[in-house]
Amino acid sequence: MIEIRLPDGSTAQAWPLTQAQRFMYFVFNGYGKNPAVLNIGTGCYWQGTFDAATLKEALEEAIARCDSIRLRFMPDKQFGLVQYLAEDPQITVEEYDHSGMTEEESFAILKEWTKEGSADFFGKPLNLVRIMRLPGGYNGFYCKFHHLAFDGYAAKMFMADAMAIYVSKRTGAPYPKPMKPYLEAMAQELAYLDSDRRKEDRAYWMQRFSTDSEPIFNDYLLDNRLVKAREESGDPDRRYILLFEGEHPESRTLHYDVSAEDTEKVLRLCREKGLSVPCVLMLGLRTALSAFNNDQEDVSFKFMINRRGTLLEKKSGGNRWHFYSLRTIIPGDASFTDAVKAVEAEQDETFRHCAFDTLEMYHIKHMAMHIEHLEQTYDSLTFSYHAPQPVPFESEEIAKTAKGIWYNNDYSAQNLYLTVKHRLNDNGFEFIFEYRTSENPLEDLKIFYDKMITAIMTGVENPDMTMAEILEKIKL
Numbered sequence: 015m016i017e018i019r020l021p022d023g024s025t026a027q028a029w030p031l032t033q034a035q036r037f038m039y040f041v042f043n044g045y046g047k048n049p050a051v052l053n054i055g056t057g058c059y060w061q062g063t064f065d066a067a068t069l070k071e072a073l074e075e076a077i078a079r080c081d082s083i084r085l086r087f088m089p090d091k092q093f094g095l096v097q098y099l100a101e102d103p104q105i106t107v108e109e110y111d112h113s114g115m116t117e118e119e120s121f122a123i124l125k126e127w128t129k130e131g132s133a134d135f136f137g138k139p140l141n142l143v144r145i146m147r148l149p150g151g152y153n154g155f156y157c158k159f160h161h162l163a164f165d166g167y168a169a170k171m172f173m174a175d176a177m178a179i180y181v182s183k184r185t186g187a188p189y190p191k192p193m194k195p196y197l198e199a200m201a202q203e204l205a206y207l208d209s210d211r212r213k214e215d216r217a218y219w220m221q222r223f224s225t226d227s228e229p230i231f232n233d234y235l236l237d238n239r240l241v242k243a244r245e246e247s248g249d250p251d252r253r254y255i256l257l258f259e260g261e262h263p264e265s266r267t268l269h270y271d272v273s274a275e276d277t278e279k280v281l282r283l284c285r286e287k288g289l290s291v292p293c294v295l296m297l298g299l300r301t302a303l304s305a306f307n308n309d310q311e312d313v314s315f316k317f318m319i320n321r322r323g324t325l326l327e328k329k330s331g332g333n334r335w336h337f338y339s340l341r342t343i344i345p346g347d348a349s350f351t352d353a354v355k356a357v358e359a360e361q362d363e364t365f366r367h368c369a370f371d372t373l374e375m376y377h378i379k380h381m382a383m384h385i386e387h388l389e390q391t392y393d394s395l396t397f398s399y400h401a402p403q404p405v406p407f408e409s410e411e412i413a414k415t416a417k418g419i420w421y422n423n424d425y426s427a428q429n430l431y432l433t434v435k436h437r438l439n440d441n442g443f444e445f446i447f448e449y450r451t452s453e454n455p456l457e458d459l460k461i462f463y464d465k466m467i468t469a470i471m472t473g474v475e476n477p478d479m480t481m482a483e484i485l486e487k488i489k490l
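First residue of the sequence shown? That's 15 in the numbering used here, and the numbers climb one at a time after it.
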C-alpha cells in the first residue's frame, strides 16, 4: 500500500494492480491501442410492469453496495499503475427514453455509449448506469463497465443484485444479502505474489513447458492462410505463428442462438454423465479446429478462467479473469464422452495452477520453447463460457420476456474471441463471436460455427460415437 496524490490535490491509499488487472492493462497498452477496448456494454430489459422510480432507487443502492464501481486508477513510477477506492461513486442514474425509436436506432446509440472512452482515465469514474425505455415495450437498464474494475461475472453480479433489490422493493421479497469488500479480495490476490503457492505454481509451469512436446497452431480459416504464412516463413519446423500484431483492432460480432430444447439436451447429458458444460462446448470448438486442419489430433486454444470459488470472490466485484492455453491431444478412436473427460482433465490440471499471472506464464512458456516474441502463439482463438447467473424478476410472465444484450465496443485485442452464455428468458445458449474485421472472412466464421455446433449436438445425441466418426460427419 502506498499513498498517492490525486488530481484535486487530496491524497488516497492505493495498491498495485492484481494479476488479472495487469493483463488487462497490458492489453490496453499493447494490443487495443484504443481506450474503448476495455469497455463492457450490457443491458437488462423486460416487458410488462415497469417502475422507473423504484428501479432508480434500486440501482443507486446497488451502486452504493458495489466497491469496484468506485475503483479509480492513477499512474505511479514504481508500479506503473495503481488503484484506489474513491469515496463517491460519482454516478448519476439518469433515464433515457428510446421508445419512439426503431430498435436499430436505439441499439446504435447504446453501442456509441459503449465505445466512448477517454485515453486520460486517471482518477476518473469509469462506469456508467442508465435507466432505459426501449422500443417494443422493453424497459430496464444499461451499464458500461471497465475491464480494470469488472469482468463479465462481476458485471452480471451487479445487475442481478440491482434486480434483486428492485424486486424486493416491488414485491416484499427478501432484500439481498450484502456484497463483499473488494479490498479484502484484492489483498488476497496481492498476498499470493509472495506466497509459497506462487513459487509452487511457477515451478509447475516451468517444469511443464520444459518437458512438454511443442504444440501446433491450428487455423480457423478455410484456406489455412495463417498456417501457410507460417510454412512460408523460411523455418519449416516452426509450429507457432505471429498472430497479434496490434494493428487494426476494429471488430464486430456474430450472434448465434441455440434453441432452449437443444441447450437442454446438452445440460441433461452433463447431469446424467457428470460432465462439465463448458468442456462439452470446448470439445465442440476443438473438433471444429481439428476439421479445419486435416483432422489434427493436437489442438490448442486459449480459454478464460474466472477464479471465483469462495463467497468473497463471487461477491466482491473486480476482475479475476485469467487466460490460459488449453491443449488436448485426442485420438480418433476416443468416444465423445471420453473426449469430454480428456478436455475436463486438462482444464482441471490448469485450474490447480491458475492463480499464476497470465503474462508471466506466457513468458515462461516462450522462454522454455525458445519463442522470441509474446505475439507469437500456438492459440488461434480464445473461448469463454458464462454459466447461468439467475436474475430475479417480478413475475414468471415478466421473466419470460427478459433479455440481456451485450453491446460490442467495436475494438478487440484479439483476432477471434468466442463467448458462450445463456439467454435470460429461456436459458438457451448464445454464441457470440467477436472478430477483427480486417482478418476474418465472415463465410469462414459461419462455417466454423456450423461445424462446431454440429459436432456438439452429434456427440450429445450419440455420446458413444467416436471422434473420428464425428469428424467424418463435419468434414469440409
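C-beta: ideal position from N, C-alpha, C; glycine also.
Mind checking residue i: buried by the 16 CB within 10 Å criterion, or exposed?
i	result
GLU358	buried
GLN104	exposed
ASN441	exposed
ALA401	exposed
Taking the alpha-carbon positions, what's the residue i to residue j distance?
i	j	result
LYS379	LEU388	10 Å
THR351	PHE443	20 Å
TYR98	ALA369	22 Å
GLU71	TYR180	8 Å
ALA482	PRO250	28 Å
LEU340	THR324	24 Å
ASP7	ILE255	Not covered by the structure: residue 7. The range shown for the chain is 15 to 490.
THR451	MET479	37 Å
ILE123	ILE484	43 Å
ILE446	ALA199	30 Å
CYS284	PRO89	47 Å
GLN61	ALA416	7 Å
ASP102	GLU108	17 Å
ARG79	VAL291	32 Å
ALA133	SER82	20 Å
GLN92	ASP458	46 Å
ARG282	GLY288	10 Å
ALA168	LYS242	40 Å
GLU411	THR63	10 Å
ASP464	VAL434	15 Å
TYR392	ALA413	42 Å
GLY150	GLY418	15 Å
Taking 8 Å as the cut-off, decide whether the C-beta atoms of residue i and residue j are in contact.
i	j	result
ASN53	GLY131	yes
ASP233	ASN307	yes
ILE230	GLN310	yes
ASN333	HIS112	no
SER398	MET318	yes
ALA176	ALA305	no
SER330	PRO192	no
THR372	PHE315	no
GLY55	TRP335	no
VAL280	VAL354	no
HIS377	TYR218	no
ASN141	ALA174	no
Quick one, which of the options has its alpha-carbon nearest residue i's?
i	options	result
LYS276	VAL474, GLY114 and PHE447	In the sequence as displayed, the identity of residue 276 is Asp instead of Lys. Cα-wise, what sits closest to ASP276 is VAL474.
LEU95	SER265, TYR39, SER209 and GLU410	TYR39
THR267	THR25, GLU75 and ASN454	ASN454
ASP271	LEU240, HIS436 and PRO30	HIS436
PRO356	ARG366, ASP347 and ILE343	The question names Pro, but residue 356 is Ala in the sequence shown. Closest by alpha carbon: ILE343.
ASP312	ARG244, LEU297, ARG321 and ALA67	LEU297
ALA34	ASP165, MET146 and GLU118	ASP165
LYS170	LEU438, TYR449 and PRO477	LEU438
ALA274	SER24, MET471 and TYR59	MET471
For a test of your reading of the model: does the CB of residue i fall under 7 Å from any non-hydrogen atom of the ligand NAP? Yes or no.
i	result
ASN441	Absent from the structure shown: the ligand NAP. Ligands present: none.
Could you tell me whether the Cβ of residue i comes closer than 8 Å to any Cβ of chain C?
i	result
MET15	The chain inventory of the structure shown lacks chain C, comprising one protein chain alone.
Practice task
Flag this pair as touching only if the segment 44-51 and the segment 413-432 have three or more C-beta atom pairs under 8 Å; answer yes or no.
Solution key: yes
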